[in-house]
Amino acid sequence: MTNSEFLPWTVPEASRIASDLQSPSHRHVFLCLSEGQVTGEVTLTCGSGRLARSGTVSVLLIPPEGETSRDSKVARDLLKAIFDLAEGWLPLHRLEIQTYSDETWLVLPWMRTGSGRKRA
4 MTNSEFLPWT
14 VPEASRIASD
24 LQSPSHRHVF
34 LCLSEGQVTG
44 EVTLTCGSGR
54 LARSGTVSVL
64 LIPPEGETSR
74 DSKVARDLLK
84 AIFDLAEGWL
94 PLHRLEIQTY
104 SDETWLVLPW
114 MRTGSGRKRA
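Written out as C-alpha cells, the structure is:
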C-alpha cells in the first residue's frame with residue numbers, strides 16, 4: 004500500500020529513529036512493516052503528573068488484502084510489544100486502550116495478555 008489516505012507520511016531513516024530514541028519521550032510508537040510498507044501502528048502515550056503511572060494505547064491496523072483486521076496477527080504482535088515496554092521498561096501500572104467502535108475485537112487479545120481488567 005504505497006498511496007493511502009491512512010499513510011500520508013514516509014517512514015523516517017533508521018538514523019533518525021535511533022537519535023529519537025536517545026531523548027526521553029512520553030510517546031512510544033511501534034510500526035509493523037510488511038515488504039517495506041506500514042501495516043500497523045500502535046502508540047503508547049505515558050501520563051504525566053497525577054497520571055504518571057498510567058498510559059493510553061491507540062492502535063491503527065491496515066490488514067493485508069483478503070484478510071480482515073480481526074484475523075490479523077499484527078494486532079497481537081503490536082499489543083504484545085507495547086505491554087512488554089509498559090511492564091518491563093516503564094513504571095506503568097494502568098493502561099487504557101483506545102479503538103474505533105468497529106475495532107472492539109482488539110480488547111480480547113489485550114485481555115489475553117493479562118493486562119485487561121473489567122471496571123466494576
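In short: position in the sequence shown from 1, add 3, done, that's the numbering used here. Even glycine gets a Cβ: it sits at the ideal position worked out from N, Cα and C.
Close Cβ partners of residue i (< 6 Å) along its chain, the five nearest in sequence each way excluded
| i | result |
| --- | --- |
| residue 85 | 45, 47 and 60 |
| residue 32 | 46 |
| residue 145 | The requested residue 145 is not part of the displayed model; the chain covers only 4 to 123. |
Reduced DSSP secondary structure (H/G/I, E/B, other) of residue i
| i | result |
| --- | --- |
| residue 93 | coil |
| residue 56 | coil |
| residue 37 | strand |
| residue 61 | strand |
| residue 7 | Interpretation of residue 7 is limited by its pLDDT of 39, a score under 50 that renders its predicted location unreliable; no figure is taken from the coordinates. |
Whole-Å CB distance - residue i paired with residue j, under 8 Å assumed
| i | j | result |
| --- | --- | --- |
| residue 95 | residue 56 | 6 Å |
| residue 43 | residue 35 | 4 Å |
7 Å Cβ shell around residue i - same chain, five flanking residues per side excluded
| i | result |
| --- | --- |
| residue 89 | 47, 58, 95 and 98 |
| residue 77 | 35, 42, 43 and 64 |
| residue 29 | 48, 49 and 51 |
| residue 93 | 49 |
Residues that residue i bridges to, as DSSP identifies them
| i | result |
| --- | --- |
| residue 85 | Note: residue 85 sits in no beta bridge, so no partner. |
| residue 77 | According to DSSP, residue 77 bridges with nothing at all. |
| residue 46 | 32 and 61 |
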